[in-house]
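J.: Take this structure, written in structure tokens, and hold onto it; I'll ask about it next.
There are 4 protein chains.
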Amino acid sequence: MNEPTLTRAERQRIQLQADILEAAFLEFSERGYHQTAISDIAKRLGIGHGTFYRHFENKRDILQHVISDTMQKIMSLLTGENAPQAVNNIEEYREQCQRISERFRLFAQENPLTLKLLLLEATSIDAEMTRFIQNLMQMAGIFTANYLKHGVDSGFFRENLDCENTGHNIIGMITNGALRFLANPEDLNGLKNYGDSIIELIIGGVAKPSA
Amino acid sequence: MNEPTLTRAERQRIQLQADILEAAFLEFSERGYHQTAISDIAKRLGIGHGTFYRHFENKRDILQHVISDTMQKIMSLLTGENAPQAVNNIEEYREQCQRISERFRLFAQENPLTLKLLLLEATSIDAEMTRFIQNLMQMAGIFTANYLKHGVDSGFFRENLDCENTGHNIIGMITNGALRFLANPEDLNGLKNYGDSIIELIIGGVAKPSA
Amino acid sequence: MNEPTLTRAERQRIQLQADILEAAFLEFSERGYHQTAISDIAKRLGIGHGTFYRHFENKRDILQHVISDTMQKIMSLLTGENAPQAVNNIEEYREQCQRISERFRLFAQENPLTLKLLLLEATSIDAEMTRFIQNLMQMAGIFTANYLKHGVDSGFFRENLDCENTGHNIIGMITNGALRFLANPEDLNGLKNYGDSIIELIIGGVAKPSA
Amino acid sequence: MNEPTLTRAERQRIQLQADILEAAFLEFSERGYHQTAISDIAKRLGIGHGTFYRHFENKRDILQHVISDTMQKIMSLLTGENAPQAVNNIEEYREQCQRISERFRLFAQENPLTLKLLLLEATSIDAEMTRFIQNLMQMAGIFTANYLKHGVDSGFFRENLDCENTGHNIIGMITNGALRFLANPEDLNGLKNYGDSIIELIIGGVAKPSA
DNA sequence: AATGAATGAGCGTTCATTCAT
DNA sequence: TATGAATGAACGCTCATTCAT
Numbered sequence: 001m002n003e004p005t006l007t008r009a010e011r012q013r014i015q016l017q018a019d020i021l022e023a024a025f026l027e028f029s030e031r032g033y034h035q036t037a038i039s040d041i042a043k044r045l046g047i048g049h050g051t052f053y054r055h056f057e058n059k060r061d062i063l064q065h066v067i068s069d070t071m072q073k074i075m076s077l078l079t080g081e082n083a084p085q086a087v088n089n090i091e092e093y094r095e096q097c098q099r100i101s102e103r104f105r106l107f108a109q110e111n112p113l114t115l116k117l118l119l120l121e122a123t124s125i126d127a128e129m130t131r132f133i134q135n136l137m138q139m140a141g142i143f144t145a146n147y148l149k150h151g152v153d154s155g156f157f158r159e160n161l162d163c164e165n166t167g168h169n170i171i172g173m174i175t176n177g178a179l180r181f182l183a184n185p186e187d188l189n190g191l192k193n194y195g196d197s198i199i200e201l202i203i204g205g206v207a208k209p210s211a
Numbered sequence: 212m213n214e215p216t217l218t219r220a221e222r223q224r225i226q227l228q229a230d231i232l233e234a235a236f237l238e239f240s241e242r243g244y245h246q247t248a249i250s251d252i253a254k255r256l257g258i259g260h261g262t263f264y265r266h267f268e269n270k271r272d273i274l275q276h277v278i279s280d281t282m283q284k285i286m287s288l289l290t291g292e293n294a295p296q297a298v299n300n301i302e303e304y305r306e307q308c309q310r311i312s313e314r315f316r317l318f319a320q321e322n323p324l325t326l327k328l329l330l331l332e333a334t335s336i337d338a339e340m341t342r343f344i345q346n347l348m349q350m351a352g353i354f355t356a357n358y359l360k361h362g363v364d365s366g367f368f369r370e371n372l373d374c375e376n377t378g379h380n381i382i383g384m385i386t387n388g389a390l391r392f393l394a395n396p397e398d399l400n401g402l403k404n405y406g407d408s409i410i411e412l413i414i415g416g417v418a419k420p421s422a
Numbered sequence: 423m424n425e426p427t428l429t430r431a432e433r434q435r436i437q438l439q440a441d442i443l444e445a446a447f448l449e450f451s452e453r454g455y456h457q458t459a460i461s462d463i464a465k466r467l468g469i470g471h472g473t474f475y476r477h478f479e480n481k482r483d484i485l486q487h488v489i490s491d492t493m494q495k496i497m498s499l500l501t502g503e504n505a506p507q508a509v510n511n512i513e514e515y516r517e518q519c520q521r522i523s524e525r526f527r528l529f530a531q532e533n534p535l536t537l538k539l540l541l542l543e544a545t546s547i548d549a550e551m552t553r554f555i556q557n558l559m560q561m562a563g564i565f566t567a568n569y570l571k572h573g574v575d576s577g578f579f580r581e582n583l584d585c586e587n588t589g590h591n592i593i594g595m596i597t598n599g600a601l602r603f604l605a606n607p608e609d610l611n612g613l614k615n616y617g618d619s620i621i622e623l624i625i626g627g628v629a630k631p632s633a
Numbered sequence: 634m635n636e637p638t639l640t641r642a643e644r645q646r647i648q649l650q651a652d653i654l655e656a657a658f659l660e661f662s663e664r665g666y667h668q669t670a671i672s673d674i675a676k677r678l679g680i681g682h683g684t685f686y687r688h689f690e691n692k693r694d695i696l697q698h699v700i701s702d703t704m705q706k707i708m709s710l711l712t713g714e715n716a717p718q719a720v721n722n723i724e725e726y727r728e729q730c731q732r733i734s735e736r737f738r739l740f741a742q743e744n745p746l747t748l749k750l751l752l753l754e755a756t757s758i759d760a761e762m763t764r765f766i767q768n769l770m771q772m773a774g775i776f777t778a779n780y781l782k783h784g785v786d787s788g789f790f791r792e793n794l795d796c797e798n799t800g801h802n803i804i805g806m807i808t809n810g811a812l813r814f815l816a817n818p819e820d821l822n823g824l825k826n827y828g829d830s831i832i833e834l835i836i837g838g839v840a841k842p843s844a
């Protein structure tokens, strides 16, 4: 541990940076990037707005930081217990899906602003930021594909499954669920049903089994 | 035909309005709404920027018009030949999906800026516009659900299908495909594969048929 | 009479000019010169606003005409029956004052916008217009002085009366009455009392007669 | 004295505010409110025009401040030594009038722009400002009435004097004098005579004493 | 290091005036 | 002659950024 070697001033500096990031995140996601003035962020913290420029290059710079931070949060969602390798048959997969679905729902409820920022706000700042979000989606799709590959390898998914594209398909459904949640944050039951229908679609499609 | 009854001045007026709308559409979708000044729109057309205000109330007003216009384009995509009732079994459904998929791909190639404006730009102008887009997605989902209901009624989709949510699921996948296309406009083959994987997922899911 | 020699077109032209003047007067006095756009005047008449420029040089020009017109109205107030020579003693003078006072009150009630335009609005258009109003006041003072001179000459006013300045004094009191009326247009009784107090002050001053 | 407790920054801030007010006063009264741009005020001071908005809400806001300031100046005119109670008979009253008259003339010479702003310019900014000026005149009239009431109570003015209306009469005469001065600022002698004629009119009216 | 006063580029919008039809 | 479309100067106001304290 080398953290104790930080001087008090250094720790204060780091704390202030984190506070500014937090305030910027809240302002950007609540009122939108363009509607947020640097002074709004400073006011929220009770600091002078000149101080802001001691810690971040400019407005665009802190957005980058905020988005990166936010991405960390999202990424952490996709790690942990529900690993691809944890399931061995279609029934276990369905249960895993349900666990992941619930986890996502929980995340959405706890972090609606994060979703709003990433899916609605960050898409239209500038070309670079748009690309950033697109990359994020791409990574999420590839990540999802891993689950599918495991299913194919384990023999409980069909062999001809286009794992990568299907992974992106799934991310599309999840993303749309997030957007629907943002439009109707209080309809938790509807969100649950939406998630369930994703799972059923993934596993069994729409066709009549006998068909 | 009553168009010939329009005076020349009226025709000019209508033409100029259309030109301004077109220019605004291009500016908004290329550089973004907030980055576009009214004078940019005027400059693109070579008109005085005061002229703009003879035809549109204000900047927000023309955005509304641009988006409404754009929505018309999108809506027209969903009408016509490929009606739900046109198919009677799973194989015809798959073929219909392929036709629709191709039609979407064509639209995407011909109207990338339309997609960009709707899916990336318009989501963060203001709360009303965000809601507008969300409604559009909602309508598209319900529209899609009609296809599914027909399949259930006709007996080639499983009876317990949650048509409405699945309709939204499908819209999510399509939307993500559009975003992926915008990130990689030249990868037409990839887009085709993405569309195919949607169709396979919809019809058969991922589970091994025998399972 | 040479008016019949005017062609119909000429008569129409003159009529339209008068209509524009009337409309301009109403707009200027109701909303103020700066708050009135040429198009407001045109709209009120239902004519194209380009037509305006066929009849008047520019916005400032029509104001000049409006004010001149208005001045005519005011001037006509000061002519007619109640001539200086009509009275021979202090009592007749008082009665004449009362008649004039009543006439002014009537005028105020019938032409509040005229007063508003002259006393409130026209004072701050530009230096020339201000001078114009000041001249009007000056003329009114001199005009009033004539009544006083007649009184001195006839022996019922004191010989040492500074007629000219007193004439201006009286105009000041009348003007202030007009302003007070504009602030409280419905208090007709108050206006009457104000006028009466002017008359009493003029004739007898404030000092106790015996003093 | 607690002024020394102000920091230097605070003193600078207050000074700049005062400077902006002064500059706005000069611009508004010299060229008129509508003819004055914020940038004119800034240019006069050699500051950036954005700086203006650090100290005043908007253009209308500073007008209000300027007028309020100006009103203070005017109000201070009406206080002090020449109180109503200071006189006991008609001759002392006349002398008091002369002192006040002289004081007014001095004020007019020293503050011509103040008069111009209040009497010519401020009357036509908007309805609220017009009312503001009308209230000011009303208050001045009531204030003047107090002098008259004292005279009646003390027995050297006639008992039936309508003090309030006569107070307003007097204000009308004074106001007109101010306007005449603005039209002819160099004619100090004329102004003196005008004032004298007010006094004579007030005290003795125009009627021949014997009458 | 923190502050907030100052700056001025930039934008949305208005409207008097011109001129082609 | 009447029209109203077009124009662009002008202005109020915002806010990201700089810098002296």
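Residue numbers (our numbering), protein chains in the order written: chain Z, 1 to 211; chain U, 212 to 422; chain Y, 423 to 633; chain R, 634 to 844. By construction, the Cβ of each residue, glycine as well, lies at the ideal position given by its N, Cα and C atoms.
Who does PHE579/R pair with in a DSSP beta bridge?
T.: The requested residue 579/R is not part of the displayed model; chain R covers only 634 to 844.
J.: What are the boundary residues of the alpha helix (DSSP H) that ASP187/Z is part of?
T.: Note, ASP187/Z: premise wrong, no alpha helix (DSSP H); not H, not E.
J.: Does the distance from the C-beta atom of PRO162/Z to that of SER365/U stay below 8 Å?
T.: As written in the sequence, residue 162/Z is Asp, which differs from the Pro given in the question. No, they are not a contact pair.
J.: Looking at chain U, which residues of the segment 89-115 of chain Z have a Cβ within less than 7 Å of any of its Cβ atoms?
T.: ILE90
J.: Rounding to the nearest angstrom, what Cα-Cα distance links GLN296/U and PHE367/U in this structure?
T.: 13 Å
J.: Considering only the beta carbon of each residue, do ALA37/Z and THR51/Z sit closer than 8 Å?
T.: no
J.: Note down, in chain order, each residue of its chain lying with its Cβ closer than 8 Å to the Cβ of LEU78/Z, except the 5 sequence neighbours on either side.
T.: ALA140, PHE143
J.: Leaving out the 5 sequence neighbours to the left and right, which residues in its chain are closer than 6 Å to GLY195/Z when beta-carbon positions are compared?
T.: The residues SER101, in chain order, have a CB closer than 6 Å to that of GLY195/Z in the same chain once the five nearest residues on each side in sequence are set aside.
J.: Thinking C-alpha only, which one of ASN269/U, ASN376/U, LEU237/U is nearest THR281/U?
T.: LEU237/U
J.: With a 10 Å radius around its C-beta and 16 neighbouring C-beta atoms as the bar for buried, classify ARG219/U as buried or exposed.
T.: Exposed, by the Cβ-count rule.
J.: In whole angstroms, what is the alpha-carbon distance linking GLY810/R and GLN650/R?
T.: 33 Å
J.: Under 8 Å, Cβ to Cβ, is there at least one residue of chain U near ASP187/Z?
T.: no
J.: Give the straight-line distance between the Cα atoms of LEU390/U and PRO396/U, rounded to the nearest whole angstrom.
T.: 10 Å
J.: Please return the same chain residues whose Cβ sits closer than 8 Å to the Cβ of LEU317/U, not counting the five positions on each side in sequence.
T.: A distance below 8 Å between beta-carbons, with the five flanking residues on each side excluded, links LEU317/U to no residue of its chain.
J.: Taking 8 Å as the cut-off, decide whether the C-beta atoms of ARG409/Y and ASN504/Y are in contact.
T.: Residue 409/Y is absent from the model: chain Y starts at 423 and stops at 633.
J.: When DSSP labels each residue in this structure, what does MET634/R get in the three-state scheme?
T.: For MET634/R, the predicted structure reports a pLDDT of 46, less than 50, and the residue's modelled location is therefore unreliable. A value from the coordinates is still provided. Coil, per DSSP.
J.: With a 10 Å radius around its C-beta and 16 neighbouring C-beta atoms as the bar for buried, classify ASN587/Y as buried or exposed.
T.: Buried is the call here.
J.: Could you tell me the distance, in whole angstroms, from the CA atom of ILE680/R to the CA atom of ARG693/R?
T.: 19 Å
J.: For the segment 165-176 of chain Z, which residues have a CB atom closer than 7 Å to at least one CB atom of chain U, in sequence order?
T.: ASN165, THR166, HIS168, ASN169, ILE171, GLY172, MET173, THR175, ASN176
J.: I believe THR597/Y touches GLY838/R by the beta-carbon criterion, under 8 Å. Please report the beta-carbon distance rounded to the nearest angstrom.
T.: At roughly 20 Å, the Cβ-Cβ gap does not stay under 8 Å, so THR597/Y and GLY838/R are not in contact.
J.: Whose Cβ in chain Y lies nearer than 9 Å to the Cβ of MET770/R?
T.: In chain order: ASN598, LEU601, ARG602, ALA605.
J.: In chain Y, which residues lie with their C-beta within 8 Å of the C-beta of ARG791/R?
T.: GLY626, VAL628, ALA629, LYS630, PRO631
J.: Comparing the C-beta of GLU543/Y with each C-beta of chain R, is any distance below 8 Å?
T.: yes
J.: Counting only beta-carbon separations shorter than 8 Å, does ASN779/R have a partner in chain Y?
T.: no
J.: When you compare the CB positions of SER546/Y and GLY665/R, do they come within less than 8 Å of one another, or not?
T.: yes
J.: Run the CB neighbour count on ASN380/U, radius 10 Å, all protein chains shown included, and call it buried at 16 or more, exposed below.
T.: buried
J.: Which value, in whole angstroms, describes the spacing of the CA atoms of GLN349/U and GLU643/R?
T.: Whole-angstrom Cα-Cα distance: 57 Å.
J.: What whole-angstrom Cβ distance do ALA183/Z and GLN345/U have, given they're in contact under 8 Å?
T.: The Cβ separation is near 4 Å, so the contact holds.
J.: If you follow the alpha helix (DSSP H) that HIS688/R is in, where does it begin and where does it stop?
T.: 682-688
J.: For GLY468/Y, which three-state DSSP category applies?
T.: If DSSP states are grouped into helix, strand and coil, GLY468/Y belongs with coil.
J.: Going straight from the alpha carbon of ARG516/Y to that of SER490/Y, what length do you get?
T.: 31 Å
J.: Do you know whose CA, among ILE413/U, HIS276/U, ARG314/U, ALA418/U, lies nearest ILE301/U's CA?
T.: ILE413/U
J.: In chain order, what residues of the same chain have a beta carbon less than 8 Å from the beta carbon of MET423/Y, not counting five sequence neighbours either side?
T.: Low confidence applies to MET423/Y: its pLDDT is 48, below 50, so where it sits in the model is not reliable, and the reading given next is rough at best. Answer for MET423/Y: no residue qualifies.
J.: With 16 as the cutoff for other CB atoms within 10 Å, does ILE436/Y come out buried or exposed?
T.: exposed
J.: What three-state label does DSSP hand ILE74/Z in the structure shown?
T.: helix
J.: In chain U, which residues lie less than 7 Å from ASN193/Z when you measure between Cβ atoms?
T.: ASP373, ASN376
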